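Inspection log for the structure reproduced underneath, given as structure tokens.
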Amino acid sequence: MGELFEPISTASETLVRLEGVVGVLPNPSVLLRSLRRREVQRSSTIENTIASIEDLALTEVDRRRTHSEALEVYNNLRAVETALESPLPLCVRLLCDAHRELMDGVRGEDKRPGEFRRTQVHIAGSSDRFADARFVPPPPGEHLTRCVASLELFINRGASRPTGLHWLVELAMLHYQFETIHPFSDGNGRLGRMLVNVAPVKLGHLKFPIANISEYFADHREAYYEGLLRVSTHNAWGNWVRLFCTAVARQAASDLARARHLLKLRDSYFARFSDARSSVLSHELVDMIFEELIVDAARVAKRLKVTAPTAQKHIKLMVQAGIVREITGLKSDRLYAGSEIIRVLDAHPDTLSPLSTP
Numbered sequence: 011m012g013e014l015f016e017p018i019s020t021a022s023e024t025l026v027r028l029e030g031v032v033g034v035l036p037n038p039s040v041l042l043r044s045l046r047r048r049e050v051q052r053s054s055t056i057e058n059t060i061a062s063i064e065d066l067a068l069t070e071v072d073r074r075r076t077h078s079e080a081l082e083v084y085n086n087l088r089a090v091e092t093a094l095e096s097p098l099p100l101c102v103r104l105l106c107d108a109h110r111e112l113m114d115g116v117r118g119e120d121k122r123p124g125e126f127r128r129t130q131v132h133i134a135g136s137s138d139r140f141a142d143a144r145f146v147p148p149p150p151g152e153h154l155t156r157c158v159a160s161l162e163l164f165i166n167r168g169a170s171r172p173t174g175l176h177w178l179v180e181l182a183m184l185h186y187q188f189e190t191i192h193p194f195s196d197g198n199g200r201l202g203r204m205l206v207n208v209a210p211v212k213l214g215h216l217k218f219p220i221a222n223i224s225e226y227f228a229d230h231r232e233a234y235y236e237g238l239l240r241v242s243t244h245n246a247w248g249n250w251v252r253l254f255c256t257a258v259a260r261q262a263a264s265d266l267a268r269a270r271h272l273l274k275l276r277d278s279y280f281a282r283f284s285d286a287r288s289s290v291l292s293h294e295l296v297d298m299i300f301e302e303l304i305v306d307a308a309r310v311a312k313r314l315k316v317t318a319p320t321a322q323k324h325i326k327l328m329v330q331a332g333i334v335r336e337i338t339g340l341k342s343d344r345l346y347a348g349s350e351i352i353r354v355l356d357a358h359p360d361t362l363s364p365l366s367t368p
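Position one of the sequence shown corresponds to residue 11 (our numbering), numbered consecutively onward.
As structure tokens, this is what we get:
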């Protein structure tokens with residue numbers, strides 16, 4: 011394990027720094043929801059489901075104004091939030107609940123959402139033929155059920171049965187095992203990456219759901235698939251753990267840069283409303299825009315507990331300050347997007363210039 015010390019410690023230290031930035035906020039959701047959108051967007055990209063951050067935020071506000079792929083990404087977001095908000099521990103029932111959210115009303119809804127697969131599946135290789143399969147997961151039925159039960163025991167074995175491994179190593183093992191078992195007929199990749207985000211919080215390793223891998227693996231897809239496969243074919247655990255920890259560390263670093271950009275932007279927005287009479291509500295609305303990205307008068311009135319005219323007045327202030335723009339072109343049912351925030355979330359990590367450490 012000596013050769014793994016550096017990637018493990020780098021990932022762990024970067025997560026601690028990111029958690030420190032998130033934790034200083036009175037309402038951590040100001041950052042967490044936006045970073046979570048980025049994660050589910052990139053996780054969906056790995057499965058060739060493409061939607062922009064603005065598409066996703068628009069779907070959250072009004073599903074009628076969006077497209078099918080954005081709905082799939084939105085369901086991915088709902089699945090993650092269902093798992094995080096559930097009082098259940100990390101267990102089979104929780105996974106099934108998240109899977110139902112993931113497949114609700116989109117491609118794959120006919121594949122028994124929330125239930126383990128009943129047919130043999132394979133990961134396609136040079137062709138879609140079973141004989142050319144790159145990998146064949148366990149058969150359905152009793153064997154699959156035993157595999158999932160063993161995974162559940164591993165997750166929830168508690169302190170009485172320690173492995174002696176760093177929790178990031180165990181997380182890498184958990185992700186590999188879930189992907190290898192492939193318990194559902196569809197959606198396993200997205201759920202497996204969801205586990206990376208949810209498990210550290212459920213198991214008490216992190217206070218906030220900030221462990222992510224999708225951005226890195228969306229850019230290194232073949233290395234991701236090959237790393238998983240070589241554990242099965244060559245028992246290459248060391249290479250997989252190193253790759254996994256590299257993904258966690260790189261993404262935590264880019265999320266840290268993104269979070270600092272967002273906080274700097276938030277401070278600049280707050281500074282535009284120094285008048286004591288308007289600053290409290292305006293600051294609350296700024297934080298709402300950071301959380302939701304797209305708002306309308308009805309949602310603002312409900313969230314801030316103000317009248318519709320007051321909500322409209324403060325949205326107008328946001329437009330005048332350049333914080334939001336109207337995106338429908340309509341005279342009623344208007345929607346307002348935080349375009350600068352969305353631009354930071356859409357940016358590739360290589361384009362995020364480093365800022366000084368707060």
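Even glycine gets a Cβ: it sits at the ideal position worked out from N, Cα and C.
Just so you know, these numbers come straight off a predicted model, no measurement behind them.
Comparing alpha carbon positions, the residue from T173, E336, E189 closest to E64 is E336. For S53, the enclosing alpha helix (DSSP H) starts and ends at 39-56. By the Cβ rule, the region 245-260 does not count as touching the region 130-149, because fewer than three pairs are nearer than 8 Å. A Cβ-Cβ separation of about 22 Å leaves A209 out of contact with L239 under the 8 Å criterion. Just so you know, the alpha carbons of L163 and C101 end up roughly 9 Å apart.
If you check the CB distance, L28 and L35 do not come in under 8 Å. Taking 8 Å as the cut-off, the beta carbon of I351 is found closer than this to the beta carbon of F300. Restricted to the region 201-238, the alpha helix (DSSP H) segments that are unbroken, complete and at least 4 residues in length are 224-229, listed in chain order. A straight line joining the alpha-carbon of L14 with that of V258 spans about 14 Å.
At a cut-off of 4 residues, the continuous stretches assigned as alpha helix (DSSP H) that sit fully inside the region 280-339 are 286-302, 307-314, 318-330. Pairwise C-beta distances place the region 78-93 out of contact with the region 228-239, as fewer than three of them are shorter than 8 Å. For L161, the uninterrupted alpha helix (DSSP H) run begins and ends at 152-165, by DSSP.
Along the length of the region 94-130, whole alpha helix (DSSP H) runs at least 4 residues long occupy 102-113, reported in chain order.
Each of P38, S19, V50 was checked against the Cα of E225, and the nearest Cα belongs to V50. In terms of CA proximity to T155, P193 leads the group P193, N222, K341.
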